[in-house]
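Novice:
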Amino acid sequence: MTWTPTSWRTKPAAQQVGYSDNEALARVLAEMASLPPLVTSWEVENLKSHLAKAARGETFVLQGGDCAESFDDCRSEPIAAKLKILLQMSLVLVHGTRKPVVRIGRIAGQYAKPRSADVETRGDVTLPAYRGDIINRDGFTPEDREPDPTLMLRAYERAALTLNFIRALLDGGFADLHHPEYWDVSFAHGSPNAAQYERIVESIRESLDFVSAITGVENEVLRRVDIYTSHEALALPYEQAQTRRVPRRPGYYNLSTHFPWIGMRTAQLDGAHVEFFRGIRNPLGIKLGPGMTDEWLTGLLDVLDPEREPGRITLIHRMGASKIAEKLPPLVETVRRAGRTVLWVCDPMHGNTETTPQGIKTRRFDNIVSELEQSFEVHEKLGSRLGGVHIELTGENVTECVGGARGLTEADLAHAYKSRVDPRLNYEQALETALRIARHLRPGT
Ligand code: PEP
Ligand code: CO
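Convert by adding 809 to the 1-based position in the sequence shown; the result is the number in the working numbering.
(1) Quick one: does the C-beta of residue 1155 sit closer than 6 Å to a heavy atom of the ligand CO?
(2) Does the Cβ of residue 1096 lie closer than 6 Å to at least one heavy atom of the ligand PEP?
(3) I need the straight-line Cα distance from residue 1128 to residue 1098, nearest angstrom please.
(4) Can we count residue 924 as close to the ligand PEP, meaning its CB is less than 6 Å from some heavy atom?
(5) Per the contact definition of three or more C-beta pairs closer than 8 Å, is the segment 969-979 in contact with the segment 859-868?
(6) Under 6 Å from any heavy atom of the ligand CO, does the C-beta of residue 1231 make it?
(7) May I have the straight-line CA-CA distance separating residue 1238 from residue 1214, to the nearest angstrom?
(8) With H, G and I counted as helix, E and B as strand and the rest as coil, what does DSSP make of residue 1254?
(9) Between residue 1183 and the rest of its own chain, which residues show a CB-CB distance below 6 Å, the 5 nearest in sequence each way excluded?
(10) When you compare each of 1089, 1095, 1245, 1172 to residue 1071 by their alpha carbons, which one comes out closest?
(11) Looking at the secondary structure, which residues open and close the alpha helix (DSSP H) in which residue 1248 lies?
(12) State the CB to CB distance for the pair residue 1203 and residue 1221, rounded to an integer number of angstroms; the pair is presumed to be in contact (CB under 8 Å).
(13) Relative to the C-alpha of residue 835, which residue among 967, 819, 853, 815 is closest?
(14) Would you say the beta carbon of residue 876 is closer than 6 Å to some non-hydrogen atom of the ligand CO?
(15) Hey, out of 1090, 1086, 1142, whose CA is closest to residue 1060's CA?
(16) State the CB to CB distance for the pair residue 914 and residue 941, rounded to an integer number of angstroms; the pair is presumed to be in contact (CB under 8 Å).
(17) Would you mind working out which of 1251, 1249, 1236, 966 sits nearest residue 1258, comparing C-alpha positions?
(18) Out of 1126, 1111, 1139, 1079, point me to the one whose CA is closest to residue 1103's CA.
(19) For residue 1127, verify whether its CB is less than 6 Å away from any heavy atom of the ligand PEP.
(20) Which residue wins for smallest C-alpha separation from residue 890, given the options 875, 847, 852?
(21) Can at least three beta-carbon pairs, one atom from the segment 1146-1158 and one from the segment 1177-1191, be found at a separation below 8 Å?
(22) Might you give, ordered along the chain, the residues of its own chain that have their beta carbon closer than 8 Å to the beta carbon of residue 1164, omitting 5 neighbours on each side?
(23) What residue range is occupied by the uninterrupted beta strand (DSSP E) comprising residue 1071?
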């Protein structure tokens, strides 16, 4: 079948909503299609070549951000805080690997959430589930839960505002190591990790100063950094509206983000999402949970990457600390048998979600680190390579995941639990995770 940006409409689409006002929907999509793209095909192709390098072990990928961005959090502090923790984590990883790190935010478009239940019941009232700010609202009234097509336009605009701010911060020297205010860990005073982190920053700063002293040139490498964007390309009308041809390059690009990923809930081989993904030229992420099979994965790779293009496919496994050792090896073998090179990334978050006796969703820091460590070991044992990590985090001091150096307990969760969806690592826990990962990445080990 010939692919077009709308050919997904001929296939069954999971996790989609019906809009009651089709004219309003058409108006929104037409407007979004006429507005400029959020990213460019040059950037998308650059990222693809970085991901190809990561698959070959030449770079390491750090992908992180909120489970779901909210329109309310499109404010300067949370965005700057998220950028800061991503930069700080990546610096720790650069130091650990002695390799460049590719930074990808779950940002500027991560507004749609897959849900396991279509409805939510509170008392004797049952309403459609909240599916993310791009679809409906999280208040518990029938009006709030009605899908509203104009929210897609709001999402596009929020994504543009977020990206504009990030690009301006980076251009203005936010990532410059010579600005100590961007690199301090005042948030973590008294944290056992602060001293280790400060030593790393100091050592990198010293080597940069040394290089510029002997070469006479400022080291641009860490002064100017790139951040790429990613989100789950779940709301297909939104993705379709930003998918277009560009001058002087073949094919179609989804210019709502650099790096869209497909979740397992929507990865049916004959489904609408796979149809949409196969036709866009972006690098693609595919989430792999415990239910992934040999045939399913082979099928996805054949449909989504028939040309075996370097950097095209990133497999993001999220099995859970108790299942990774059993579930990952067969999939690594599947890819090997297919004779393919992919980038393997570990998401140690989504297989480790649990609910406390008080009904609060949380994740244990120890399980997160354990899944990461086991992933490194499984890949190494099989002659494969873990080339990146995918983390849900926030730059703020929330209390959503238990454990970490400060020993957050279940009783602490109530203090600052802000996530509307999954529990995220807070600033300090995220940095500690980077320090733990870095230990596995020392060259020569
Ligand atoms: C997510 O990344 O927020 C998510 C829902 O993940 P998964 O589809 O792997 O459960
Ligand atoms: Co999540």
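C-beta: ideal position from N, C-alpha, C; glycine also.
Specialist: On the basis of the supplied data:
(1) If you number the sequence shown from 1, residue 1155 lands on position 346. For the ligand CO, not one heavy atom lies less than 6 Å from the Cβ of residue 1155.
(2) In the sequence shown, the residue the question calls residue 1096 occupies position 287. Yes - the ligand PEP has a heavy atom lying nearer than 6 Å to the Cβ of residue 1096.
(3) What you label residue 1128 is simply residue 319 of the sequence shown in a count that begins at 1. What you label residue 1098 is simply residue 289 of the sequence shown in a count that begins at 1. Roughly 5 Å separates the two Cα atoms.
(4) Here residue 924 refers to the residue found at position 115 when the sequence shown is read from its first residue. Residue 924: no, Cβ never under 6 Å from the ligand PEP.
(5) no
(6) Translated into the one-based positions of the sequence shown, residue 1231 becomes position 422. Checking every heavy atom of the ligand CO against the Cβ of residue 1231, one is found closer than 6 Å.
(7) Locating residue 1238 in the sequence shown gives position 429, counting from the first residue. Locating residue 1214 in the sequence shown gives position 405, counting from the first residue. Here the C-alpha atom of residue 1238 lies approximately 8 Å from the C-alpha atom of residue 1214.
(8) To locate residue 1254, count along the sequence shown from 1; it is residue 445. Residue placement at residue 1254 cannot be trusted, given a pLDDT of 46 that sits under 50; the coordinates are not used to answer.
(9) Stepping through the sequence shown from its first residue, residue 1183 is reached at position 374. If we look at residue 1183 and ignore the five residues flanking it on each side, its Cβ neighbours are 1133, 1134.
(10) Here residue 1071 refers to the residue found at position 262 when the sequence shown is read from its first residue. Per the Cα distances, 1095.
(11) By 1-based counting over the sequence shown, the position of residue 1248 is 439. It spans 1236-1249 - the alpha helix (DSSP H) in which residue 1248 sits, taken as one unbroken run.
(12) To locate residue 1203, count along the sequence shown from 1; it is residue 394. To locate residue 1221, count along the sequence shown from 1; it is residue 412. Incorrect: roughly 16 Å between the Cβ atoms, too far for contact.
(13) What you label residue 835 is simply residue 26 of the sequence shown in a count that begins at 1. Checked all of 967, 819, 853, 815; the closest Cα to residue 835 is 815.
(14) Locating residue 876 in the sequence shown gives position 67, counting from the first residue. Relative to the ligand CO, the nearest heavy atom lies less than 6 Å away from the CB of residue 876.
(15) Here residue 1060 corresponds to residue number 251 of the sequence shown, with the count starting at 1. Ranking 1090, 1086, 1142 by Cα distance to residue 1060 puts 1090 first.
(16) The sequence position of residue 914 within the sequence shown is 105, counting from 1. The sequence position of residue 941 within the sequence shown is 132, counting from 1. Contact doesn't hold; Cβ gap of about 17 Å is too wide.
(17) For the chain, the structure presents residues 810 to 1254; residue 1258 sits outside this window and is missing.
(18) Position 294 of the sequence shown, counting from 1, holds the residue named residue 1103. Comparing Cα positions, the closest option is 1139.
(19) For the purposes of this step, residue 1127 is identified with residue 318 of the sequence shown, where counting begins at 1. At least one heavy atom of the ligand PEP is nearer than 6 Å to the Cβ of residue 1127, so yes.
(20) The sequence position of residue 890 within the sequence shown is 81, counting from 1. Closest option to residue 890, Cα to Cα, is 875.
(21) Result yes; three or more Cβ-Cβ pairs closer than 8 Å.
(22) Start at 1 with the first residue of the sequence shown, and residue 1164 comes out as number 355. Within the same chain, residue 1164 has close Cβ partners 1170, 1171.
(23) Your numbering for residue 1071 matches position 262 in the sequence shown. Per DSSP, residue 1071 belongs to the beta strand (DSSP E) from 1068-1071.
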